[in-house]
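Peer 1: Per the working numbering, the sequence shown starts with residue 115, numbered consecutively.
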Amino acid sequence: MPNRIAADTAPPAEALPGVVPPREARHDRRPAGALPPGAPDGAWRGTLLAGLGVLAFSGSFPATVFAMEGFDPYLVAVGRAAVAAVAAAAFLLVARVPLLPPRSRLRSYGVIVAGVVFGFPLFSGLALHAGASTSHAAVVIGLLPAATAACAVLRAGEWPRALFWVSCGLGAVSITAFTLSMGGGHVTGADLLLVGALLSAAVGYTEGGRLARETPGWRVISHTLVLAAPLTVPITVALALTTDLRPTAASLAGFAYVGLVSMFLGFIPWYAGLAMGGIARAGQTQLAQPLLTLLWAWLLLGELFGAVTIAAALAVLACVALTQRARS
C-alpha cells in the first residue's frame, strides 16, 4: 500500500544521475510529460477535454427529471454517488491503484465530496423537485464559469487578464438573462437552492482541478467517490427501503445516466481539462452547457425554444472564443 500511495506524489520528471534538477522542477509535482497549466498547447487541449466533460454534464438535468419520476429526489441525489462509487472502485482495482487517496490530500478530497458528491446533486435535484424547469435550472450552469473562475483566483492562485473577466462577465450575463427570461425571473425557494448548487459545484470543481494537476483526473474523481461511499451507500440503502419506488424504463435510464456519466465518467475529461488548460480558462467551456441542456430538454422532454435560443448560442460562443484568446 505505501509504495502505491507514494506513486501519487512521486517526482514528475526523470533526472540524470548526478544532475540536480532546477529549483522549479524540484517543486513541480505534475505527472511526467504534463504541460504547465495555461501553456498554449495545453490550453487548447485542456479546453477540448473540458468540453467533453461539459457535453456529458449537459444531460444531467433532463436525466434527473426522468429519474425523479420513479425515485425519491433524495435517493436520486445520494444514490447516484453510490452507483458511481462502484464503478470508480472497479476502475481503481483494475488499474491496481489504492482505493483511498494519500492522507496528505484528505482535506482537499473532503472539499470535493462536500461540493460535488453531496452539495450540487442535492441542491439541484431539490430545485427541480420544487418546480424549477430544466431551462430555469440552467441558470446555475450559466453562472458556474464565473463562480469557478472566482474560486480559482482565491484558491488556486490563477489571475487571468482583464479580457478574460470581461468575456466571462458578458457570457454569464447573456446566459442569465436568457434563462431567467424563460423561467420568469422570480426569486423563489428553488432559486435559492440553485444558488446553493452553484456555489457547491464551483468549490468542488476548483479543488478537483487543483488535485488533477498532480494526479490523473480519473483518480481524483474515483478516490472522491470511494471516500464518500461509507456515507452514500448506507444512505442509499436506507432511502431505497423507506421511500416509494416506482421504477420505469425512463427513470432507470435517468438514474443510470446521473450515476455513471454525470457523477463519474464526465469528470474524467473535465478534471483533466481543468488541470491542463487552467481552472479559470478551461472552465469557461461550461458557458455552453445551458444551451446544450436546453437541446437535450427539447429532444428528450419536448421543451420548445426559438430564435432567442439561437441568439443566445451565438453570444455564448463569442464569449467562449474571447476567453480562449485571453492569456494569463
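Ideal placement from N, C-alpha and C gives every residue a C-beta, glycine not left out.
Taking residue 219 as the reference, give the member of 393, 326, 398, 434 with the closest Cα.
Peer 2: To locate residue 219, count along the sequence shown from 1; it is residue 105. If we check each option's Cα against that of residue 219, 326 comes out closest.
Peer 1: Counting pairs of beta carbons, one from the segment 209 to 224 and one from the segment 272 to 290, are three or more of them closer than 8 Å?
Peer 2: Not touching, per the Cβ criterion.
Peer 1: By Cβ distance below 6 Å, which residues in the same chain neighbour residue 230 in space, the five residues on each side in sequence not counted?
Peer 2: As a first step, residue 230 is located in the sequence shown; it is residue number 116 there, counting from the start. Once the five neighbours on either side are set aside, the close Cβ partners of residue 230 are 318.
Peer 1: Alpha carbon to alpha carbon, what distance is there between residue 421 and residue 329?
Peer 2: If you number the sequence shown from 1, residue 329 lands on position 215. If you number the sequence shown from 1, residue 421 lands on position 307. Roughly 43 Å separates the two Cα atoms.
Peer 1: Tell me the rounded alpha-carbon separation between residue 413 and residue 216.
Peer 2: In the sequence shown, counting from the first residue as 1, residue 413 sits at position 299. In the sequence shown, counting from the first residue as 1, residue 216 sits at position 102. One C-alpha to the other measures close to 43 Å.
Peer 1: If you scan the segment 271 to 317 from start to end, which runs of the alpha helix (DSSP H) of 4 or more residues do you find wholly inside it?
Peer 2: DSSP runs (the alpha helix (DSSP H)) wholly in the segment 271 to 317: 276 to 297.
Peer 1: Taking the alpha carbon of residue 345 as the reference point, which residue from 174, 165, 195 has its own alpha carbon closest?
Peer 2: Here residue 345 refers to the residue found at position 231 when the sequence shown is read from its first residue. Out of 174, 165, 195, 195 has the C-alpha closest to the C-alpha of residue 345.
Peer 1: Rounding to the nearest angstrom, what Cα-Cα distance links residue 383 and residue 192 in this structure?
Peer 2: Residue 383 sits at position 269 when you count from the first residue of the sequence shown. Residue 192 sits at position 78 when you count from the first residue of the sequence shown. Their Cα atoms are separated by approximately 23 Å.
Peer 1: Taking the straight line between their C-alpha atoms, what separation do you get for residue 242 and residue 408?
Peer 2: By one-based count along the sequence shown, residue 242 stands at place 128. By one-based count along the sequence shown, residue 408 stands at place 294. Near 14 Å, if we compare the C-alpha coordinates of residue 408 and residue 242.
Peer 1: Could you tell me the distance, in whole angstroms, from the CA atom of residue 284 to the CA atom of residue 250?
Peer 2: Here residue 284 corresponds to residue number 170 of the sequence shown, with the count starting at 1. Here residue 250 corresponds to residue number 136 of the sequence shown, with the count starting at 1. Roughly 19 Å between the two C-alpha positions.
Peer 1: Within 10 angstroms of its Cβ, does residue 305 collect 16 or more other Cβ (buried), or is it exposed?
Peer 2: Taking the sequence shown and counting its residues from 1, the one referred to as residue 305 is at position 191. Buried, since its Cβ has 16 or more Cβ neighbours within 10 Å.
Peer 1: May I have the straight-line CA-CA distance separating residue 307 from residue 238, to the nearest angstrom?
Peer 2: For the purposes of this step, residue 307 is identified with residue 193 of the sequence shown, where counting begins at 1. For the purposes of this step, residue 238 is identified with residue 124 of the sequence shown, where counting begins at 1. Cα to Cα, the separation comes out at about 7 Å.
Peer 1: Check whether the Cβ of residue 346 lies closer than 8 Å to any Cβ atom in chain B.
Peer 2: Chain labels in this structure do not include chain B; a single protein chain is all it has.
Peer 1: Taking 8 Å as the limit between beta carbons, can you name the residues of its chain near residue 179, skipping five residues before and five after?
Peer 2: Stepping through the sequence shown from its first residue, residue 179 is reached at position 65. So the list reads 242, 248, 368, 415, once near-sequence residues are dropped.
Peer 1: Note the first and the last residue of the continuous alpha helix (DSSP H) segment covering residue 200.
Peer 2: Start at 1 with the first residue of the sequence shown, and residue 200 comes out as number 86. Here the alpha helix (DSSP H) through residue 200 covers 187 to 208.
Peer 1: Measuring CA to CA, which of 435, 210, 206, 158 is closest to residue 378?
Peer 2: Against the sequence shown, residue 378 aligns to sequence position 264. Of the candidates 435, 210, 206, 158, the one whose C-alpha sits nearest the C-alpha of residue 378 is 206.
Peer 1: Can you tell me which of 440, 252, 171, 343 puts its alpha carbon nearest to the alpha carbon of residue 232?
Peer 2: Numbered from 1 along the sequence shown, position 118 holds the residue referred to as residue 232. Among 440, 252, 171, 343, the Cα nearest to that of residue 232 belongs to 343.
Peer 1: Taking DSSP as the reference, what is the three-state secondary structure of residue 184?
Peer 2: Looking up residue 184 in the sequence shown gives position 70. Of the three classes helix, strand and coil, the one that applies to residue 184 here is coil, per DSSP.
Peer 1: So for residue 336, helix, strand or coil by DSSP?
Peer 2: Stepping through the sequence shown from its first residue, residue 336 is reached at position 222. Residue state, collapsed to three classes: helix.
Peer 1: Among the residues of its own chain, which have a CB less than 7 Å from the CB of residue 257, if the five just before and after it don't count?
Peer 2: By one-based count along the sequence shown, residue 257 stands at place 143. The residues are 286, 290, 312.
Peer 1: By how many angstroms is the C-alpha of residue 362 removed from the C-alpha of residue 268?
Peer 2: Position 154 of the sequence shown holds residue 268. Position 248 of the sequence shown holds residue 362. Their Cα atoms are separated by approximately 44 Å.
Peer 1: When you compare only the Cα positions, how much space is there between residue 359 and residue 186?
Peer 2: Translated into the one-based positions of the sequence shown, residue 359 becomes position 245. Translated into the one-based positions of the sequence shown, residue 186 becomes position 72. Near 7 Å, if we compare the C-alpha coordinates of residue 186 and residue 359.
Peer 1: Taking DSSP as the reference, what is the three-state secondary structure of residue 160?
Peer 2: For this step, residue 160 is matched to residue 46 along the sequence shown. Helix, per DSSP.
Peer 1: Exposed or buried, which one is residue 316 when buried takes at least 16 other CB atoms within 10 Å?
Peer 2: Stepping through the sequence shown from its first residue, residue 316 is reached at position 202. By the neighbour-count rule (16 or more Cβ atoms within 10 Å), residue 316 is buried.
Peer 1: Is the distance from the Cβ of residue 351 to the Cβ of residue 181 below 8 Å?
Peer 2: Taking the sequence shown and counting its residues from 1, one reaches residue 351 at position 237. Taking the sequence shown and counting its residues from 1, one reaches residue 181 at position 67. Contact flag unset, no.
Peer 1: With distances taken between CB atoms, is the gap from residue 255 to residue 400 smaller than 8 Å?
Peer 2: On the sequence shown, residue 255 is found 141 positions in, with the first residue counted as 1. On the sequence shown, residue 400 is found 286 positions in, with the first residue counted as 1. In this structure, residue 400 lies closer than 8 Å to residue 255 by Cβ.
Peer 1: How many angstroms separate the CA atom of residue 427 from the CA atom of residue 209?
Peer 2: The residue given as residue 427 occupies position 313 in the sequence shown. The residue given as residue 209 occupies position 95 in the sequence shown. Near 40 Å, if we compare the C-alpha coordinates of residue 209 and residue 427.
Peer 1: In the structure shown, what three-state DSSP assignment does residue 328 receive?
Peer 2: Looking up residue 328 in the sequence shown gives position 214. Looking at residue 328 - three-state DSSP - the assignment turns out to be coil, as it is neither helix nor strand.
Peer 1: For the putative contact between residue 331 and residue 266, defined by C-beta atoms under 8 Å, what is the C-beta separation to the nearest angstrom?
Peer 2: Numbered from its first residue, the sequence shown carries residue 331 at position 217. Numbered from its first residue, the sequence shown carries residue 266 at position 152. No, residue 331 and residue 266 are not in contact; Cβ-Cβ is about 16 Å, not under 8 Å.
Peer 1: According to DSSP, is residue 357 part of a helix, a strand, or is it coil?
Peer 2: Taking the sequence shown and counting its residues from 1, one reaches residue 357 at position 243. Residue 357 falls in the coil class under three-state DSSP.
Peer 1: Just the Cα atoms here: how many angstroms apart are residue 418 and residue 214?
Peer 2: In the sequence shown, the residue the question calls residue 418 occupies position 304. In the sequence shown, the residue the question calls residue 214 occupies position 100. In a straight line, the C-alpha of residue 418 is about 45 Å away from that of residue 214.
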